[in-house]
Every structure is written in structure tokens, then in C-alpha cells.
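UniProt numbering puts the sequence shown at residues 1 to 110. Even for Gly, the Cβ is constructed at its ideal location relative to N, Cα and C. The structure appears below as C-alpha cells.
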Amino acid sequence: MSNLIAHRDALLTVDSKRNIALFIDRIIMLKGEGNYTLFHLRDGKAKMFAHCINTYEEILQAKGFLRVHKSFMVNPQYVIDYNSDDSKLVLQNNLTASVSRRRKGILKEV
1 MSNLIAHRDA LLTVDSKRNI ALFIDRIIML KGEGNYTLFH LRDGKAKMFA
51 HCINTYEEIL QAKGFLRVHK SFMVNPQYVI DYNSDDSKLV LQNNLTASVS
101 RRRKGILKEV
């Protein structure tokens with residue numbers, strides 16, 4: 001039973017109508033695009049779902065994800081570098097995420 005609970009905690013339901021879930025530890029970052037969210041995954045794939053990024057924010061923050069910009073959430077496990085000149089995070093798979101001025105402080109905690 002505990003394996004089932006642990007397995008369920010490792011999944012994020014991204015589309016309940018189509019019964020689609022993603023393994024949380026395989027998500028590198030999320031990019032909000034209006035009412036859609038683009039999930040960038042460890043295997044190099046990107047998947048878009050018809051929910052705004054705010055839909056996933058509370059659940060993923062509890063799992064350690066950081067909201068670094070109104071359009072970006074990142075998994076700190078995949079952060080490689082921070083370029084302070086242009087306020088961008090460099091992540092695995094050559095991905096970048098903008099960091100807003102008011103959210104730069106959370107990077108010091110990482």
C-alpha cells in the first residue's frame with residue numbers, strides 16, 4: 001500500500017479528462033503561454049496542456065519547484081547555471097527560463 005501512495009505522490013495529473021499524468025521528477029520546467037502550459041521533460045520532449053500555469057503551482061511548489069517568473073516554474077534539480085547579466089536560468093537540455101527581478105531572491109535559497 002505504501003508503494004502505491006509513494007507512486008501516486010510522484011505523479012502530477014495534468015489532464016484529468018484524458019487521464020494523463022506525468023512523473024514529477026521528470027519535469028524540468030513549465031512555461032505558461034496564456035491559458036496553456038508547456039511542460040519540458042527530461043527526455044527532451046515538450047507537452048502542452050490546456051490549463052494555465054497557476055493550476056499546477058501549489059502542487060509543484062510543495063514538491064520543491066520554484067516560480068521564478070510569471071511564465072516559468074523550474075525544477076531546481078535541473079538548474080545548471082544562473083546568468084545574472086540577462087536574468088536567465090540555464091537548465092538541462094539547453095533550456096532557459098527568465099527570472100523576474102522580484103523573484104531573484106528565491107535563487108539564493110537554492
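When the distance is taken between beta carbons, is residue j closer than 8 Å to residue i?
i: L91; j: V99; result: no
i: L12; j: L22; result: yes
i: L41; j: I27; result: yes
i: G105; j: S71; result: no
Return the chain-ordered list of same chain residues with a C-beta closer than 8 Å to the C-beta of residue i, the five sequence neighbours on each side being excluded.
i: R101; result: S87
DSSP has residue i in a bridge; who is on the other side?
i: R67; result: M73
i: L22; result: L12
Which residue marks the beginning of the alpha helix (DSSP H) containing residue i, and which one marks its end?
i: L60; result: N54 to A62
Could you spell out where the beta strand (DSSP E) holding residue i opens and where it closes?
i: G34; result: First-last for G34: undefined, no H or E at that position.
i: V90; result: K88 to L91
i: S98; result: L95 to S98
i: Y78; result: Taken as a continuous stretch (DSSP letters only), Y78 belongs to no beta strand (DSSP E), as it is neither H nor E.
i: A46; result: A46 to F49
Excluding sequence positions up to five away, which residues of its chain have a Cβ less than 6 Å from the Cβ of residue i?
i: K47; result: F39
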